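What follows is a short report on a single structure.
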Amino acid sequence: MVTVDSTTITDLINFFVNSEDGSTYCFGSAGSIYAISGNKDDPAVNFVYNDEAGAIKGASEFTLNDGLSYMYWSTASQISRRPMNTGEKAVPWTNVTANYKTDKISSSAVWHTMALASGQLNIANAEGLASITFADAFDPFDLNIRPGNLINAIEERDDYIILGSQKNDLSEEGHIWSWITTATNWVQKKRIPAQSVNALITTEQMLCQAGDNGELFYSDFVNSVPIARIPGGGKVQPGGTTILDDLAMFGFYGGTYPGIWSYGRKHKNRPNALNYEYRLAATVAGSSVTSIGAVTVVNGDLFASWGTTDGSTSDYGVDCVSSTTKANAIYEGLEFDGGSPHLSKTVDTIALIMSPLASGTSVSAKFKLNKETDWKYAVLGSGATTFSVTNATIALFNLGKPGRIYEVGVELNASGANSPEVHSIISYLSKETFEFA
Numbered sequence: 063m064v065t066v067d068s069t070t071i072t073d074l075i076n077f078f079v080n081s082e083d084g085s086t087y088c089f090g091s092a093g094s095i096y097a098i099s100g101n102k103d104d105p106a107v108n109f110v111y112n113d114e115a116g117a118i119k120g121a122s123e124f125t126l127n128d129g130l131s132y133m134y135w136s137t138a139s140q141i142s143r144r145p146m147n148t149g150e151k152a153v154p155w156t157n158v159t160a161n162y163k164t165d166k167i168s169s170s171a172v173w174h175t176m177a178l179a180s181g182q183l184n185i186a187n188a189e190g191l192a193s194i195t196f197a198d199a200f201d202p203f204d205l206n207i208r209p210g211n212l213i214n215a216i217e218e219r220d221d222y223i224i225l226g227s228q229k230n231d232l233s234e235e236g237h238i239w240s241w242i243t244t245a246t247n248w249v250q251k252k253r254i255p256a257q258s259v260n261a262l263i264t265t266e267q268m269l270c271q272a273g274d275n276g277e278l279f280y281s282d283f284v285n286s287v288p289i290a291r292i293p294g295g296g297k298v299q300p301g302g303t304t305i306l307d308d309l310a311m312f313g314f315y316g317g318t319y320p321g322i323w324s325y326g327r328k329h330k331n332r333p334n335a336l337n338y339e340y341r342l343a344a345t346v347a348g349s350s351v352t353s354i355g356a357v358t359v360v361n362g363d364l365f366a367s368w369g370t371t372d373g374s375t376s377d378y379g380v381d382c383v384s385s386t387t388k389a390n391a392i393y394e395g396l397e398f399d400g401g402s403p404h405l406s407k408t409v410d411t412i413a414l415i416m417s418p419l420a421s422g423t424s425v426s427a428k429f430k431l432n433k434e435t436d437w438k439y440a441v442l443g444s445g446a447t448t449f450s451v452t453n454a455t456i457a458l459f460n461l462g463k464p465g466r467i468y469e470v471g472v473e474l475n476a477s478g479a480n481s482p483e484v485h486s487i488i489s490y491l492s493k494e495t496f497e498f499a
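In our numbering, the protein residues as written are 63 to 499.
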């Protein structure tokens, strides 16, 4: 990823909102609001407003029955709004209703996350769900879940509003809830065995990120299944999820591998997979990314907000995926023991089946045996560890070492806008096995 801005932005962006005026608006942890222009090739960032009430805890755009589209955002105890389709272009904004709603907006809420669902704008409000209808009717407690729970995340599934919550005593359990606006109370409730449901996203299946140990869960309100865990842990903010190319994207931070992780599949007959899609530019440069606030997709490109802390200095910015420069990639497979972890097996050769290899790019194969800590490189016939023959479609690496448990990995080294594309990894094993080797 490449950095769009790290100078204009001076606080962590908690939420992105793609507006009908063509810009993407960024809502910050210190009350600042910024606009990213709709020019995908050169997205300029401009400061447009500062909310003196402080940190912005939720934001969304919603069109009312009078035809006006409003940008809404919430601080700890008030909701503000601005009309977006009146033609007014002056910045900083001057046509903001800064205290549009203040009645019963709970300052005890961790988040006032906003989302469109069931035909209305829904707003997390501690143990309640506030709403603004198409007719501009406001209800601070359209729904009240059980006291002692705080709503963090909101998602829509069919006609239902799905909520993710935490206990306000921080006990090791979160919940998801379903509600439809015609019901007088919540319809379904399911416990998630982690401290807090931080974020929700629905792709092929309904997913939630819960706790701070990198856990992803699937739940249909009947089952609750842990499906993946990010190595090194971490968590996601309510605005830190989106969908890109059919995959759920998560902005994980607070663990060993901060960045954008994906989960899902692109074809029916393929398994779901967890992948570390993108490292942020600051991580590549050696800085410590301490927070990722929000992710979104703009014109098919992924954007993510970040905060870094290096010593006593904190910086904030927004990155986007580069369309002109590919990053190097690493594939690491799962452990293989052939169903016989007590038998030693010899891996003779690793074959990589590829699209024609672009000039300047290269691939390497690596392996681990018997749960070794460090990866080792397999070698070509020449003894080299890197294959870079232009237009080649197969690369053969020699290994010839025995081991009871085997892991294979591949390194893909890009050049400019080109990157190797590997279709298949084949490991050829000797027929002989040994119980003591």
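For each residue, glycine too, the CB sits at the ideal point set by N, CA and C.
Given the structure is predicted, the values throughout are model-derived calculations rather than measurements.
- Cα atoms of Lys493 and Val409: separation of roughly 10 Å, rounded to the nearest angstrom.
- The Cβ neighbour count for Pro403, taken over all protein chains shown within 10 Å, is under 16; the residue is labelled exposed.
- Within the same chain, Cβ atoms closer than 6 Å to the Cβ of Ser168 are found at Asn187 and Ala188, the five residues on either side in sequence being excluded.
- The continuous beta strand (DSSP E) containing Thr86 extends over residues Thr86 to Gly90.
- Per DSSP, Ala413 is one residue of the beta strand (DSSP E) stretching across Ser406 to Met416.
- Contact check between the segment 107 to 122 and the segment 364 to 375: fewer than three CB pairs, one atom from each, fall below 8 Å, which does not count as touching.
- In the three-state scheme derived from DSSP, where H, G and I count as helix and E and B as strand, Val172 is classed as coil.
- Closest by C-alpha distance to Thr125, out of Ser81, Thr159, Ser91 and Tyr162, is Ser81.
- Pairing Thr435 with Phe429, the inter-Cα distance amounts to about 11 Å.
- The segment 293 to 331 is shown to contain whole beta strand (DSSP E) runs of 3 or more residues at 303 to 306, 309 to 314 and 321 to 326, in chain order.
- Asp204 has its alpha-carbon roughly 25 Å from the corresponding atom of Phe78.
- Spatial neighbours of Gly443 in its own chain (CB-CB distance under 8 Å, excluding positions within 5 residues in sequence) are listed in chain order as Leu458 and Asn460.
- Under DSSP, the beta-bridge partners assigned to Thr264 are Met268.
- Straight-line spacing of the CA atoms in Ile95 and Val158 works out to 12 Å.
- A Cβ-Cβ distance of about 5 Å is found for the pair Ile415 and His485, placing them in contact under the 8 Å criterion.
- When secondary structure is reduced to three states using DSSP, Thr448 falls in the coil class, being assigned neither helix nor strand.
- Segment contact: the segment 67 to 75 against the segment 134 to 150, fewer than three CB-CB distances shorter than 8 Å; contact not assigned.
- Fewer than three Cβ pairs drawn from the segment 274 to 287 and the segment 337 to 345 lie within less than 8 Å of each other, which leaves the two stretches out of contact.
- Per DSSP, reduced to three states, the secondary structure at Thr345 is helical.
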